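Numbering (this note's numbering), first residue to last: 2 to 155.
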């Protein structure tokens with residue numbers, strides 16, 4: 002069984018970016034030695050975030066958003082923390098992040114919606130799965146995003 006990872010953001014003004022970043026496709030932009038495993042590391046994660054920052058600035062010109070990533074080890078490296086501190090004006094401190102819970106991590110609710118939709122279909126290829134995710138993404142309305150953000154326990 003083959004799979005893939007993707008990066009995305011959920012905001013009160015919609016999903017970011019316009020379609021999710023599929024990590025395998027993102028990593029294809031790098032040169033790899035023959036047989037080398039394509040993995041994301043701190044430098045590559047910063048490269049990915051550099052693609053996201055302009056979308057965030059466009060959607061939130063007054064920088065009135067709060068950035069939160071998950072607790073991946075890569076997200077906690079000094080270079081990534083420095084990049085986030087310099088480029089994400091408001092963020093949830095890594096020491097204040099809770100274990101992944103749906104009421105604190107509304108993105109998990111989004112993944113549930115996507116997984117539920119995908120379970121209704123049979124796919125012939127990963128490309129078809131990715132295309133369906135993109136279709137779901139493009140049709141996910143801002144109103145649903147607002148409800149998910151508003152559902153976060155205060």
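Where a beta carbon is used, it is the ideal one built from N, C-alpha and C, also for glycine.
Predicted model, so just to flag it, every value in this text is computed and none were measured.
Task: Distance CB(residue 16)-CB(residue 138) smaller than 7 Å - done: yes
- [ ] Tell me residue 10's beta-bridge partners as DSSP assigns them.
- [x] 17
Task: Buried or exposed (CB count within 10 angstroms, at least 16 for buried), residue 142 - done: exposed
Open item on the list: Restricting to Cα atoms, I'd like to know which of 127, 133, 62 and 110 is closest to residue 119.
Closed with: 133
Open item on the list: Suppose you measure from the CA of residue 71 to the CA of residue 10; what does that come to, to the nearest Å?
Closed with: 11 Å
- [ ] From the DSSP output, in three-state form, read off residue 108 for me.
- [x] helix
Open item on the list: Taking its Cβ as the centre, do 16 or more other Cβ atoms sit within 10 Å of residue 80, making it buried, or is it exposed?
Closed with: exposed
Open item on the list: So for residue 1, helix, strand or coil by DSSP?
Closed with: The question about residue 1 has no answer, for the chain in this structure spans 2 to 155.
Task: Residue environment, residue 12, which counts as buried when at least 16 other CB atoms sit within 10 Å - done: buried
Open item on the list: Give me the residue from 3, 59 and 49 with the minimum Cα distance to residue 75.
Closed with: 49
Task: Buried versus exposed, by CB contacts within 10 Å (16 or more), residue 122 - done: exposed
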